[in-house]
Amino acid sequence: MERIVTVVPKDGLHARPASQFVETANSFDADIQLGRADEDDLVPAASMLAVTGLGVGHGEEIRLVADGDDAEAALDALEAVLSTPEAGDEE
């Protein structure tokens with residue numbers, strides 16, 4: 001199961017948003033990977049180093065891929081993390 005999501009937090013997948021993303025990914029019984037929507041390479045969503053290493057910024061699209069018992073719930077929760085602005089992000 002997969003989904004394309006636009007990253008909303010201004011910091012992209014760095015610092016606090018990445019930490020929240022990884023924590024959320026680790027709370028589900030699913031194998032979750034992510035990568036840039038326009039590339040084939042995927043990294044494990046459970047790894048802070050891998051997630052921040054992508055260098056995904058605000059407004060970029062990423063592809064989430066999940067497999068397992070909680071795959072759909074995991075994608076829903078991760079999409080919520082990525083599509084919610086951080087406090088202070090409002091323009």
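Quick note on the numbering used here: the sequence shown kicks off at 1 and runs consecutively.
Glycine included, C-beta positions come from ideal geometry on N, C-alpha and C.
Check, Outcome
"Inter-residue Cα distance where the pair is A37 and G59", "12 Å"
"As assigned by DSSP and simplified to three states, the class of L13", "coil"
"The ligand GDP heavy atom lying under 7 Å from the CB of R36", "Among the components modelled here there is no ligand, and therefore nothing to report on the ligand GDP."
"Separation of D11 from E86, as counted between CA atoms", "9 Å"
"CA-to-CA distance, P44 to D69, given in whole angstroms", "17 Å"
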